[in-house]
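Residue numbers (numbering that gives the first Met the number 0): 0 to 188. Quick reminder that beta carbons are idealized off the backbone N, C-alpha and C, glycines included.
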Amino acid sequence: MPRNRKRQRESRMAVAKRESIRNWVFVGGGVGAVIAVIVVGIILISGDPSGPGQEISSLGVQHLEVGQTYPNYNSNPPTSGPHSPSRTPRGFYSQGTPDEGLVHSLEHGYVVINHNCNDSVCPELVDDLARIFTRYDEKLIVNYRPETQSTIALTAWTRLLTMEEHDEELIVDFIDSYRGKIGPERNVP
Numbered sequence: 000m001p002r003n004r005k006r007q008r009e010s011r012m013a014v015a016k017r018e019s020i021r022n023w024v025f026v027g028g029g030v031g032a033v034i035a036v037i038v039v040g041i042i043l044i045s046g047d048p049s050g051p052g053q054e055i056s057s058l059g060v061q062h063l064e065v066g067q068t069y070p071n072y073n074s075n076p077p078t079s080g081p082h083s084p085s086r087t088p089r090g091f092y093s094q095g096t097p098d099e100g101l102v103h104s105l106e107h108g109y110v111v112i113n114h115n116c117n118d119s120v121c122p123e124l125v126d127d128l129a130r131i132f133t134r135y136d137e138k139l140i141v142n143y144r145p146e147t148q149s150t151i152a153l154t155a156w157t158r159l160l161t162m163e164e165h166d167e168e169l170i171v172d173f174i175d176s177y178r179g180k181i182g183p184e185r186n187v188p
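Written as structure tokens, this is what we have:
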């Protein structure tokens, strides 16, 4: 009899050990899943996707007085910093528009395609950018900006991509990577 009891006891202990290990595996897996959900949530909330272009340090979100300009941006064209209290609305600006309003739009999650070509110098590029512009119904601006050092400079909040030649695939990738996804007030129209 003692041998049977010993076997039964050993069998119960083995079953209890397996159940304990299984419980710890379930708990560990559950904790791991919760941690993964939290990490993904933080990444989505931070709105800081990786994408094309370089990251430019933020100069903040200060509003200027109406009509005031800010000459000390840390990129050309600017990607953040003091700006107009009014954003520049979605549009195709063939005469250009002030940087301070564009920066406010970037704060709201816009992408701006700046270019230094006008209709008389490179009409094909202007037509190509117009075609891209029509694909998007919000948060996109095409802006003629003669001060732009490269032919095309795409901006989003703290992001800049410059190019000398039209590359539609790269332009669309930039737009899709950042439009409505980054900017301190990206959820504001």
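query                                                                                                                                                                       : result
Going by DSSP in three states, H82 sits in which element: helix, strand or coil?                                                                                            : strand
Along the alpha helix (DSSP H) that carries G100, what are the first and last residues, could you check?                                                                    : D98 to E106
Between I140, D98, V110 and I151, which lies nearest to L124 when the distance is taken from Cα to Cα?                                                                      : I151
Where does E11 land, buried or exposed, given buried means 16+ other C-beta within 10 angstroms?                                                                            : According to the sequence as given, residue 11 is Arg; it is not Glu. Per the 10 Å Cβ criterion, exposed.
At 4 residues or longer, and completely inside the region 102 to 176: list those alpha helix (DSSP H) runs for me, N to C.                                                  : 122 to 132
Touch check for the region 114 to 131 and the region 69 to 79: three-plus C-beta pairs under 8 angstroms?                                                                   : no
Using a Cβ-Cβ cut-off of 6 angstroms (strictly less than) and excluding sequence neighbours within five positions of H82, which residues of its own chain qualify?          : E99, V102 and H103
In its own chain, which residues sit with a C-beta less than 7 angstroms from the C-beta of V65, not counting the 5 before and 5 after it?                                  : P84
Can you check whether the CB of G50 is closer than 8 angstroms to the CB of V172?                                                                                           : Note on residue identity: the sequence assigns Asp, not Val, to residue 172. Yes; because the gap between Cβ atoms is below 8 angstroms, this pair is in contact.
Per the DSSP calculation, E54 is bridged to which residue(s)?                                                                                                               : R158
Taking all protein chains shown into account, do 16 or more other C-beta atoms lie within 10 angstroms of the C-beta of T87, making it buried, or fewer, making it exposed? : buried
Pull the bridge partners of Y92 from the DSSP assignment, please.                                                                                                           : N142
Let's test the definition: count the other Cβ atoms within 10 Å of the Cβ of N142 and tell me whether it reaches 16, buried, or not, exposed.                               : buried
Tell me which same chain residues have a C-beta within less than 6 angstroms of the C-beta of N75, skipping the five on either side of it?                                  : Q148
So is A155 buried or exposed if we call it buried at 16+ other beta carbons inside 10 Å?                                                                                    : buried
Let me know if R158 comes out buried or exposed under the rule of 16 or more other beta-carbons within 10 Å of its beta-carbon.                                             : buried
Confirm, please, whether the CB-CB distance from L58 to N73 is below 8 angstroms.                                                                                           : yes
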